[in-house]
Structures are given as structure tokens and as C-alpha cells.
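Protein sequences, first through last, are from chains F and R. For the first sequence, my numbering begins at 2 and goes up steadily by one. For the second sequence, my numbering begins at 214 and goes up steadily by one. Each residue gets a CB set at the ideal place from its N, CA and C atoms; glycine is no exception.
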Amino acid sequence: MNVVISLAKYEIKQYLRARSDFLLIAILVAGAFIALFLPMREASELPSSISMYKIGHWQEHPIIDIAKKSSVLSFEKFNGFDKMYSALAEGRLDATIEINGGNTLIVYTHKLKSKNAAGRLEQTLKSVMPVYLAEEAQRMPKYRGIIFPIALRIVEERIDYSKTLQRSFQKPREELQKEASEKKIEAKSYEEKVELKNVNKSKARESEIATKTIAEEQNYILPSQIEIAFPFMDTLRNILIIGPAVMFSMLLTLSLMGEKMTKSLHNLFEAPLKRWQILLGKSLPYLLLMLAMSLLYSFIYASGVDAMKIFFIISSISLLSFSLSVFTAIISRNYRDITSIGSFSVFLFLFLLVIPGVFTGINALAYISPLNNITNIENGAPVGIIDICLSLLPYLMMSLALVFASYVLFDEENILYPKRLKAILRTFFDRVWHDFGERTWLYLFTMVLFSVPIVFIIENLMAYLLLPISIVFPVFLILCFALIEEIIKTLPIYFFKNKNKVGILTYSLSVGLAFFIGEKAMNLYLITKVYSLFANVFSFFIIKNLLTTCAVHILGAFIVISCFKLLKKNWSFILGIALSSGLHAIYNIMISMGVFI
Amino acid sequence: MIPITKRELKAISREKSFILLIVIELLLLLSSNLFSVGYLLISSPEEKTVDFSSLVSVAVVSRTPFPFQKVMERTSLALIFYDDFARAHGDFLNGKIDAILFGDITLSNKTDTLTLYLPKNNPKINLIKMEIKDLLQNLEEIVRTDKKKALSPALTLVNIENSVPFNPASEVYFIFTLPLLLFLPSLISGSLIIDNITEEFEKKTIINLKKAPLTNMEIVLQKLLAVVIIALLQCIAWLIIIGATQVKVENVFWIVLLFSLYALFFCVLAASITLKLKSQKLSQTIFTVISLFALATFSPVISKIKLLVDLSPAHLMTALATGCNLNTVLPGFLLLFVLLFASSFALHYSVKELDRI
Numbered sequence: 002m003n004v005v006i007s008l009a010k011y012e013i014k015q016y017l018r019a020r021s022d023f024l025l026i027a028i029l030v031a032g033a034f035i036a037l038f039l040p041m042r043e044a045s046e047l048p049s050s051i052s053m054y055k056i057g058h059w060q061e062h063p064i065i066d067i068a069k070k071s072s073v074l075s076f077e078k079f080n081g082f083d084k085m086y087s088a089l090a091e092g093r094l095d096a097t098i099e100i101n102g103g104n105t106l107i108v109y110t111h112k113l114k115s116k117n118a119a120g121r122l123e124q125t126l127k128s129v130m131p132v133y134l135a136e137e138a139q140r141m142p143k144y145r146g147i148i149f150p151i152a153l154r155i156v157e158e159r160i161d162y163s164k165t166l167q168r169s170f171q172k173p174r175e176e177l178q179k180e181a182s183e184k185k186i187e188a189k190s191y192e193e194k195v196e197l198k199n200v201n202k203s204k205a206r207e208s209e210i211a212t213k214t215i216a217e218e219q220n221y222i223l224p225s226q227i228e229i230a231f232p233f234m235d236t237l238r239n240i241l242i243i244g245p246a247v248m249f250s251m252l253l254t255l256s257l258m259g260e261k262m263t264k265s266l267h268n269l270f271e272a273p274l275k276r277w278q279i280l281l282g283k284s285l286p287y288l289l290l291m292l293a294m295s296l297l298y299s300f301i302y303a304s305g306v307d308a309m310k311i312f313f314i315i316s317s318i319s320l321l322s323f324s325l326s327v328f329t330a331i332i333s334r335n336y337r338d339i340t341s342i343g344s345f346s347v348f349l350f351l352f353l354l355v356i357p358g359v360f361t362g363i364n365a366l367a368y369i370s371p372l373n374n375i376t377n378i379e380n381g382a383p384v385g386i387i388d389i390c391l392s393l394l395p396y397l398m399m400s401l402a403l404v405f406a407s408y409v410l411f412d413e414e415n416i417l418y419p420k421r422l423k424a425i426l427r428t429f430f431d432r433v434w435h436d437f438g439e440r441t442w443l444y445l446f447t448m449v450l451f452s453v454p455i456v457f458i459i460e461n462l463m464a465y466l467l468l469p470i471s472i473v474f475p476v477f478l479i480l481c482f483a484l485i486e487e488i489i490k491t492l493p494i495y496f497f498k499n500k501n502k503v504g505i506l507t508y509s510l511s512v513g514l515a516f517f518i519g520e521k522a523m524n525l526y527l528i529t530k531v532y533s534l535f536a537n538v539f540s541f542f543i544i545k546n547l548l549t550t551c552a553v554h555i556l557g558a559f560i561v562i563s564c565f566k567l568l569k570k571n572w573s574f575i576l577g578i579a580l581s582s583g584l585h586a587i588y589n590i591m592i593s594m595g596v597f598i
Numbered sequence: 214m215i216p217i218t219k220r221e222l223k224a225i226s227r228e229k230s231f232i233l234l235i236v237i238e239l240l241l242l243l244s245s246n247l248f249s250v251g252y253l254l255i256s257s258p259e260e261k262t263v264d265f266s267s268l269v270s271v272a273v274v275s276r277t278p279f280p281f282q283k284v285m286e287r288t289s290l291a292l293i294f295y296d297d298f299a300r301a302h303g304d305f306l307n308g309k310i311d312a313i314l315f316g317d318i319t320l321s322n323k324t325d326t327l328t329l330y331l332p333k334n335n336p337k338i339n340l341i342k343m344e345i346k347d348l349l350q351n352l353e354e355i356v357r358t359d360k361k362k363a364l365s366p367a368l369t370l371v372n373i374e375n376s377v378p379f380n381p382a383s384e385v386y387f388i389f390t391l392p393l394l395l396f397l398p399s400l401i402s403g404s405l406i407i408d409n410i411t412e413e414f415e416k417k418t419i420i421n422l423k424k425a426p427l428t429n430m431e432i433v434l435q436k437l438l439a440v441v442i443i444a445l446l447q448c449i450a451w452l453i454i455i456g457a458t459q460v461k462v463e464n465v466f467w468i469v470l471l472f473s474l475y476a477l478f479f480c481v482l483a484a485s486i487t488l489k490l491k492s493q494k495l496s497q498t499i500f501t502v503i504s505l506f507a508l509a510t511f512s513p514v515i516s517k518i519k520l521l522v523d524l525s526p527a528h529l530m531t532a533l534a535t536g537c538n539l540n541t542v543l544p545g546f547l548l549l550f551v552l553l554f555a556s557s558f559a560l561h562y563s564v565k566e567l568d569r570i
């Protein structure tokens, strides 16, 4: 351990020696910390939308004067409506507005920009209505009760919402809504009143209060005054939380890559040090900094057990970012590779963690992102430790797979003389086989099990990429998923040196079972939280009839190895993959059509 | 004539990892609608780009259900009428309904008051509030119109109707997705030039390059040209794809020119930093910070400062894409020329560092 600490100290010293490096890190940490306290509860327009639309008017009206404060619209006054409409026809204006009595007339052309301008103008007028009405109420106090017919008193109560997104809970909710839509209410005018039952004394007071005016009761607010603390801002702040983890990971990648390019790692490999000691020693300072930042953030937003739960979530995300950065540095051959793979990884974080997190509290899809649990904890909602552990399982599995791959590939030959991807894969699979005591079944089982997180990432990205096609042609996505799964399953045998000696039964059982177990473990949390919300076909697909699904995986592997055994050529794998993908896709399509139900 | 450019282009085109960068931009393009909706949800949820009303159930306990019945025609929010407050309250505490509206609305000339019961510890609270606010503002409008008719027909108040079919997502396409998609390749090109130059330093291949019958500036400029060409190809490809599939983009020539200037500026700046520092880690980190600042000009952070807005790349690209008068973007172009001149000046001095090798 002393060696690891010495290496970590050396890494830190390198930063301390170069003041510019140290200063830069200090700025990054301070920047990330300050960003957390930036006010985020205000809506503001993007710079690209400022004065985007030109609106013409020829009359003066209070509501137009208020609307002029909008930054998106720029108003131009004309001396007459004929001049204004000429300007619109000539394209000098995007839309026009006239107000006659209480009616507004918005005119626009067939152009997309003009339509958008008119729409934006209407939205703006609606948003400034409360200000306009308040001015009118001040001008004509006797009409106040007409101008503001409703006032509100808000009572907030704690409720048990923990089960509200579960399927079992959605059903009675839907039934209640259905029952309500069928229930007929007889009232046909304001004067017709229905009888209320069981209104206790304190509640009966509500109707007494109902006659009071807002002037009399200061605790009351108007509907337009309901404050909405932009629901998705929590997600935005949580993105900032994972920012430092990404930055430190970047620095680690660049540090490892720098030593790789200058071949200074050679000295370390020559020293009597083990591979894991070098790897851990170099990464320890970054890892500790990430954990320290995670701990700090956790205690900013919560305290006690809740803070520790947040810490567990952020540090797991940091661990994923860290393992991804080490792996990137090891497989990259030059700086261009780092830039491409690094940028891609950042986007990966965006698609896997951030986008699903936007749906927190709204849709069960939010469960895909671990940030969902942070938002829930921040809102005081109860979140169980088992839920947290299960939600993090796919990400921890991914980290483990990446750390394992990095460790296997981290040696002098591979680091100092970088190879192409195909050669890296060949070296990797060869080494794992040797490390596992040349036990073929263990090698195949572990490799396929570790490949499941990669399938998870590729399928998620593919779902985004093929979104437009999959809406029109959903079978295409099913086909692609089947193909990806079969290709990834085949890689360990394709790159295996002794593939001729692998038994058909050993291969089929090891690969089929490993993929089946890995897939179910990765999706354990989503099975209970997300898939159970969908129709029966999906629960069937994931939970029920496990044996059939397992059999399909084993059969797929059997087809691939049989093709190779029969034809004895490398191209026979293509045939095997095509056949097994076909079988896999047909099985998935049949399930989605409800054939087995 | 330009052997180094050709060599660089060949090297980058052979780089398989470069495909990942194209995949990122493709992801951004294909999920542009998703991004547009996501952006609107974050920036202005009250615009109701996505109708979440079906996710919210509200109990109404009122002796006057008529106005609530009327507002139901305007919303898909589930209003459930209860004639028993205790039952409504029980369902609310169990999470079966999200809120309770309690109280009567009459046609008197006084303001009627309603009590709104909301959950406290629910991440859905802001969504519930957003939908209820919309419902109550519609209800307010209905009651106001009815009261005006019944009590004071002479009172004139402006009425805004939903008469324009407005799709905010198409607007976001112009103000967010398109500028970002076109701006990203210019930043990436800066990052690429850092990689290309530092690699020559660290592999010591710069010594071989210096033996070529070229001046130091020619070596650097040829390297710059390669990454600018690649960035430009990406920009043109995205413009063609966007024009063919999504929205009509105006002033294409000026957008390409603007983009080329940005790509050139970031490349020259990145090259100056790299030549001076000669360290990939430091140059790349400094350039990342510069990139973050450049991307901040796309955010509302600068919206309050008029001068910054007029000069921001996002504003210039949106203005050009929506067919603005060229005079309005002239200051932006002028600033860009000044920046380019300043960075070229810095490059002129940084190139001298090559003599010390």
C-alpha cells in the first residue's frame, strides 16, 4: 500500500510543481462549487431569441405597453394600419397586432417565422394579462370582484406518495378517474347547488371564508400568483453535481495519456511494482478528490442518512466516470482518440443520466437515471436503501466491467505500443483466458456477463438514434437489438485462440446462461419500477416465462457455435449471428404481439 | 502544395474514433425534438410544450360544480367531483388524487375564495402546481366573462383567445438546436488541433517536419487548414440534412462563412496556446475552459447584457438562419474579424517557439 501512496504523492507533486496546472484545478473546483449556488429559479430567454420577432402596431394600448417588456419581441409603431400591413407584406414585420374593444387581432403570413412570431405574441399577451388586469383593477376598484373572480388559500400536507408510480397503484387511480368521468353532475348554472355531505366544522368554515374579498383576507393569492419553482431545475443542478466528476476524470485520462505518449510510464513498468499498484497509485488522488467533492455536495443538500444516500449515489456515478476515463486512456492510441472517446463519454452521461432524470416525479422512465433518487431525497420523499442499491446496480456493473478490462490491458506492451481495436480485443480475450486458469466455461461465462453493460449502453444509444425510424417501423428496432446482443455474445469466441476445441454444450450453456443472468440483473430495478408499469406483454417479456427466454439465449449460442463447427471458417460466425438474431428477433416480436400470453 | 494538410486529412479520416464525434452530432440532430422539448421543460414549463395534464387528478368539493364543469371542456386534467370532503381528503392523503379544490364560486361582484390542498413532500409538486395554475387561470377567465355579462356588460377587458397554432418546439429548433449543432464542430476543431500539435511534440516528429522546406508558420497553417476543412465539411453536411428534413434555413452562404470564421478563430487560438505551453494536458484543459465560456454565450446568463447578446454566436446564427437583414449581424462579423486578427497575432509569436526545438 505504501507504494500506492508514494505514487499518488508523486502524481499530486506533479500538479503542485506546475503552478498553472494547480491553479487551473483550483479554478475548476471553485467554479463547480460556486455554480451550485447560482440562482436557478428564474426563467430567462436564450440570447439567440432576444428581439427575434418584429411586431407591428398602430394603436396605443396598455396591454401592448406591458408586452413591450418582452425580450423576444421588438415592437414598431406605425402611423396607420395601411402602412403597418404593407410592412408585413414586404417582410419587414413578422406579425401585427390590433386591439378593438376587448378583441385582439393578430395577423401573420404563411412563413414559419411569421407563424411563430404570432404564436409567441399571443403567449406573451397571455403571460402579461395578470399585470394588465391588476392595473385595470386599480383603475376601477368597484370591478375588482369581476376582474379577479377567484382567490386561493393554499394548504400543504405531507402525503405517502412512495407507491404512486407503481402499476398496482395506477389502476385504482385510473378507475377513480373513469368512475368520475361517468358520474353525471346535474348542475346547469351557477345558481344550482349540490348538497355536500360530511363537511366537518373546520371545513364548514371554508364556505364562510368564501364570501370574504382578497382585500379583507391578506393570506389569499390569485391563481396567477401560484409560484412554480421550475420543476426541472433540480435536474439541472444535479447535472452540476456530476460536473466535477467528469472534469477530474478528464484530467486523469490526460495525465495517463501524457505519460503514455512520452513513454514515461516505462520507468514505472521497469520498477518492481505490480500493475494494480501503478494503476491505483496514479488514479488515487483523482478518485479521492471525486469522493471528497461527492461528500461535500451530499451534505450541502441533505443531512444524516439522506446525505449518506446522496453520497452513495454521486460516488457511484463518479466511479463510473473514473472507470470510463481509465479505460479510455488505456485503449486510446493518440490524443485524437482521447478527444473523440472523451466527448462521446460525456454525451453518454447526458443520454443515460440526465435526460431520463428530467422526468422525475412525472414518469417512471425517470427511474433509469440514478439522479432521480437524488431529486426525490431533496424533495423530502422517502427513498429506501434497497431501491438505491438496485438502481445503481447497472452502473456499478458497468464500472466493474471497465475496471476489469482496464486492469487486464494495463501492461507495458499494451500501453507503450498502442494497438488497433481488433488487436486490443484479441489480447484482452487471450489474457483473460490465461488468467482464468484456461477454464473455457469460466472464461466464456465471465466475458459474456461483463459484456451485458456494453449491450445496455449500445441499446440505449440506438434507441435514441433510431427513434424516428422506430416510431414508424418498431420491428426494425427489435431486429437491431437482437443483432447487437448476438454480436456481443459472439465476440469472446470469435477472438478466442482455441475456438476449435470449445465443446458445443459448454459454449451454449455458458454463453446463454451468462447473458440471461446478466440481462436480468442489470434490469432488476427497471423490471420492478418501469416495465411493470407497461402493459402485460412487457412484464411477460421481463418477469414471466423466464425459462423460455433463457432457452432462446442458449439456443442462439448453440446456432452460432454449430455453424462454426460445421463450416470451420471465421465467416461462419456471420451466418450463425444472422440465424440466431433472426430467432431472437422473432421471439421478441412474438412476445410483443402477445403470442405466448 | 499542401503536403501536411493532406497528411493530416488522411490521418484523421483513418481515425476510427473520429466516427464517435460524428455519432454525437448525429445524436444531437436525431434527438433535436427531444432536446427542444427538454429545453422548454427546463426553461419555461408554463408554456406547456408537453401536455402533462392527464397525469394530474384534482378533487373538487363544491356546492357550485357548474363553473368547474365548464372548465373541464378546456383541459384534459382529471377533475373528480366529491360530495364528501372526508372521502376526498382520504384519497388525497393516500396519493390517489393530487390536490383538492374546496369552495364555491358564485356570480356575485365579490371575489370568491377557494382552498387548494397540495402535497408537500412530492417531487411531482411543481408539475401539479403548474397544471392547477393553468386550470385555475382558465376557470378565472370563464367566471370573469360570465360575471361581466351578468353584472356589468359595459366593462371592457382585453380577451386573448387561443387563435394561433403555435409550436414552440419549431422555435427552439432555430434558437437552440441549430446554432448548437453548427457551433460544436468549430469547438471540436480547436480540440483536434491541440491533439495534432502536441502529438508532434511528444512523439518528437516535429523535428522531421522542421526539416521540410517550409517555414514554421506554413507548417502550423497547413495543420490548421486540415481541421478547418473537416469542420467545414461537417457544417455543410448538417446544413444539407437540416434543410432537407427539418426546417428551411435562410442565408446559408453567410452561415457557412460565419462558421468558417469561428472554426478558424478557435483553431488559431488553440494552436497559439499549444505552441506556447507545449503540454497537451494543460492546453486541453485551458481550451475546455474557453469552450465552456464560449458555450455559456448560448445560455441565458448573458441575456441581460445587450452588447453580449448581439455579438453571441447563438444570436448571430439564429438571426441569419431566420432570414434577418445582414446589417443586424455586421457587428458580430466585425468582432469576429478583430478576434481572429488578435489570435493570429498571438499565433505569430507562439510559432517562434518552434525555433527553440
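Do you know offhand how far residue i's Cα is from residue j's?
i, j, result
"isoleucine 425 of chain F", "tyrosine 418 of chain F", "11 angstroms"
"isoleucine 518 of chain R", "alanine 509 of chain R", "13 angstroms"
"leucine 490 of chain R", "valine 433 of chain R", "15 angstroms"
"phenylalanine 541 of chain F", "leucine 556 of chain F", "With a pLDDT of only 44 at phenylalanine 541 of chain F, under the threshold of 50, the placement of this residue in the model should not be trusted; the figure read from the coordinates follows. Those two C-alpha atoms are separated by around 20 angstroms."
Between residue i and residue j, is the Cβ-Cβ spacing less than 8 angstroms?
i, j, result
"proline 392 of chain R", "alanine 527 of chain R", "yes"
"isoleucine 314 of chain F", "asparagine 374 of chain F", "yes"
"threonine 369 of chain R", "tyrosine 191 of chain F", "no"
"valine 481 of chain R", "leucine 400 of chain R", "no"
"valine 553 of chain F", "phenylalanine 574 of chain F", "no"
"leucine 285 of chain F", "alanine 9 of chain F", "yes"
"glycine 32 of chain F", "serine 321 of chain R", "no"
"lysine 494 of chain R", "leucine 280 of chain F", "no"
"phenylalanine 249 of chain F", "tyrosine 287 of chain F", "yes"
"threonine 215 of chain R", "leucine 446 of chain R", "The sequence given here places isoleucine at residue 215 of chain R; threonine does not occur at that position. For isoleucine 215 of chain R and leucine 446 of chain R, no; Cβs fall outside 8 angstroms."
"leucine 134 of chain F", "alanine 68 of chain F", "no"
Could you tell me if residue i is buried or exposed, where buried requires 16 or more neighbouring beta carbons within 10 angstroms of its beta carbon?
i, result
"glycine 305 of chain F", "exposed"
"threonine 487 of chain R", "buried"
"tryptophan 277 of chain F", "exposed"
"serine 333 of chain F", "buried"
"glutamine 435 of chain R", "buried"
"glutamate 43 of chain F", "At glutamate 43 of chain F, the pLDDT of 49 sits below 50, so the modelled position is not reliable; the number obtained from the coordinates is stated separately. Glutamate 43 of chain F comes out exposed."
"tyrosine 562 of chain R", "exposed"
What are the start and end residues of the beta strand (DSSP E) that includes residue i?
i, result
"valine 481 of chain R", "Valine 481 of chain R -> not in any beta strand (DSSP E); alpha helix (DSSP H) instead, spanning 465 to 490."
"glutamate 158 of chain F", "151 to 158"
"histidine 58 of chain F", "54 to 58"
"glutamate 228 of chain R", "It is not in any beta strand (DSSP E) - glutamate 228 of chain R carries neither H nor E in the DSSP assignment."
"alanine 291 of chain R", "291 to 294"
"valine 269 of chain R", "Per DSSP, valine 269 of chain R belongs to no beta strand (DSSP E) and is neither H nor E."
"alanine 312 of chain R", "312 to 315"
Among the residues of its own chain, which have a CB less than 7 angstroms from the CB of residue i, if the five just before and after it don't count?
i, result
"proline 544 of chain R", "Asp523 and Leu524"
"phenylalanine 294 of chain R", "Val273 and Pro278"
"alanine 558 of chain F", "Lys490, Tyr508, Ser509, Val512 and Gly513"
Please go through the same chain and pick out, in chain order, the residues whose beta-carbon is closer than 6 angstroms to the beta-carbon of residue i, but skip the five residues on each side of it.
i, result
"isoleucine 468 of chain R", "Leu533"
"isoleucine 222 of chain F", "Leu153"
"asparagine 464 of chain R", "Leu533"
"serine 71 of chain F", "Thr125"
"glycine 519 of chain F", "Leu450 and Val453"
Could you please give the first and the last residue of the uninterrupted alpha helix (DSSP H) stretch that includes residue i?
i, result
"lysine 84 of chain F", "82 to 90"
"threonine 498 of chain R", "493 to 509"
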